[in-house]
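Report on the structure given below.
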Amino acid sequence: MYDFVVVGVGPPGARFARRAAEEGYDVLALEKGTVGEPLACSGHVSTDIWEFTGEGARKELFQNEVYGARFHVGGPNSEAYPFYKREVASNVIDRVGLDRHLADLAREAGADVREEHTVTEVTERRDRVAVVASGPDGTVEFEAKMLAGCDGPRSRVRDELELPQPEELLHGVLAFSEEDDHEDFVDVHLTPPTFFAWRIPRGEAGVEYGLAAPPGVQVNKHFEELIDGYEIDVSHRCSGVIPIGPPDRVTTRRAFLIGDAAAQTKPFTGGGILYGMTSADHAAREIDPDRPTTLAAYERAWRDDLEREQELGRWIRRAYSLPEPVQRIGLGALSGEIGVHMDRPTSLVSLEHLKALLSRP
2 MYDFVVVGVG PPGARFARRA AEEGYDVLAL EKGTVGEPLA CSGHVSTDIW
52 EFTGEGARKE LFQNEVYGAR FHVGGPNSEA YPFYKREVAS NVIDRVGLDR
102 HLADLAREAG ADVREEHTVT EVTERRDRVA VVASGPDGTV EFEAKMLAGC
152 DGPRSRVRDE LELPQPEELL HGVLAFSEED DHEDFVDVHL TPPTFFAWRI
202 PRGEAGVEYG LAAPPGVQVN KHFEELIDGY EIDVSHRCSG VIPIGPPDRV
252 TTRRAFLIGD AAAQTKPFTG GGILYGMTSA DHAAREIDPD RPTTLAAYER
302 AWRDDLEREQ ELGRWIRRAY SLPEPVQRIG LGALSGEIGV HMDRPTSLVS
352 LEHLKALLSR P
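When you line the sequence shown up against my numbering, it's residues 2 to 362, in that order.
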């Protein structure tokens, strides 16, 4: 019997598997396909990403540096409202490479990471959890003292254990063009209903274009309008689901959710890489597989850390739906140098941000 079976080896699952293995636990991590594929997430992250990676990761994964963002109320040719920092605000990275790097770190720590294992059934018992998976050699069953569901926004673990769903699921679309672009600003378009579209330069790796919106919105239509506005040909299109709003409970007696499965994401961008790995660290620190009551400590820890950020993020997102004239006035008044951390909305009231505002001419 394993101490932990981890379902899903994206960043949250790989991070938890690594940290739990480093604590001396016997960890099995199952990925339904090949780690990192298919791509369904942007590679634009804060510089904090390097705190979660191993030696040499930056040289391997780095693609571009970003100092700020230009916000647009309209399309590519509309007026831009720049928000920027004097130092590097974020990085663009090889997103598939990140997953593989983190999975390798989990293996190095002692976790048994197995690809091509699709979980089909989860049964929670009084003293253990049974997991049935379809693997390369047929159906296999594993048992563990505890189960970590890190299997994304449409989590099989969450459904099997009848845990509540995220408040909202957005539909996201990504595509890429091949031209080199080392520009140090991303572009954000507040054109799709209740969310936004984006353009991210990735250095020699090309340019990423994306858009997200709630179900019922013609996402593909809005995305085509974005691409037409930039007058660019794109390829490697992919789509995915972005969970917004964590449910009231992400644990059972012997199982817990991390990452997109728990909607541990930023409501104002949909990004979840750093929030998910931060929550994985809380899980590894708080949960003892021999003491189910420690799951409550995990629930408290990750919510205490992220709850204020997510709540303020909801308020920021509401601004995306303000009338266009109000958006223009607000962006015009607020644009300029900032001291805000892209993963921490509470930094809007930080000393660093106040200094940046006061330094404006």
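We treat Cβ as the ideally placed atom computed from N, Cα and C, and that holds for glycine.
Remember, predicted model here, so these are calculated numbers, not experimental data.
Could you round the C-beta distance between residue i and residue j to whole angstroms and report it? I think they count as a contact, below 8 Å.
i, j, result
"residue 245", "residue 268", "5 Å"
"residue 65", "residue 203", "6 Å"
"residue 11", "residue 260", "7 Å"
"residue 361", "residue 337", "5 Å"
"residue 250", "residue 165", "6 Å"
"residue 208", "residue 182", "5 Å"
"residue 273", "residue 190", "Rounded, the Cβ-Cβ distance is 21 Å, inconsistent with contact."
Which same chain residues end up closer than 7 Å to residue i when comparing Cβ atoms and leaving out the 5 residues on each side of it in sequence?
i, result
"residue 229", "none"
"residue 296", "252, 257, 288"
"residue 1", "For the chain, the structure presents residues 2 to 362; residue 1 sits outside this window and is missing."
"residue 62", "94, 95, 98, 99, 102"
"residue 354", "339, 340, 341, 348"
"residue 357", "338, 339, 340"
Does DSSP classify residue i as helix, strand or coil?
i, result
"residue 149", "strand"
"residue 254", "coil"
"residue 314", "helix"
"residue 235", "coil"
"residue 337", "strand"
"residue 94", "strand"
"residue 243", "strand"
"residue 135", "strand"
"residue 156", "coil"
"residue 204", "strand"
"residue 346", "helix"
"residue 292", "strand"
"residue 119", "strand"
Measuring alpha carbon to alpha carbon, tell me which residue in the options is nearest residue i.
i, options, result
"residue 112", "16, 254, 287", "16"
"residue 262", "126, 254, 167, 131", "167"
"residue 19", "30, 110, 56, 250", "110"
"residue 151", "239, 29, 177", "29"
"residue 55", "11, 35, 37, 104", "104"
"residue 313", "345, 298, 334", "345"
"residue 227", "247, 148, 193, 284", "193"
"residue 291", "44, 148, 41", "148"
"residue 33", "128, 135, 106", "135"
"residue 303", "317, 285, 44", "285"
"residue 119", "137, 311, 127", "137"
"residue 315", "196, 75, 146", "196"
"residue 159", "43, 264, 39", "264"
"residue 293", "129, 25, 60, 44", "129"
"residue 242", "270, 170, 9", "170"
"residue 319", "270, 181, 209", "270"
"residue 121", "333, 179, 139, 185", "139"
Determine, for residue i, whether the minimum Cβ-Cβ distance to residues of chain B falls below 8 Å.
i, result
"residue 306", "Included in the structure is just one protein chain, with no chain B present."
Less than 8 Å between C-beta atoms, sequence neighbours within five positions excluded: which residues of the same chain meet that for residue i?
i, result
"residue 174", "211, 212, 213, 220, 221, 224, 238, 239, 240"
Got a sec? Which residues, its chain only, sit under 6 Å from residue i by beta carbon, not counting five neighbours each side?
i, result
"residue 156", "150, 262"
"residue 188", "71, 200"
"residue 329", "74"
"residue 3", "27, 29, 145"
So, does the segment 36-51 touch the segment 71-86, judging by three or more C-beta pairs under 8 Å? Counting Cβ pairs under 8 Å, fewer than three are found: no touch.
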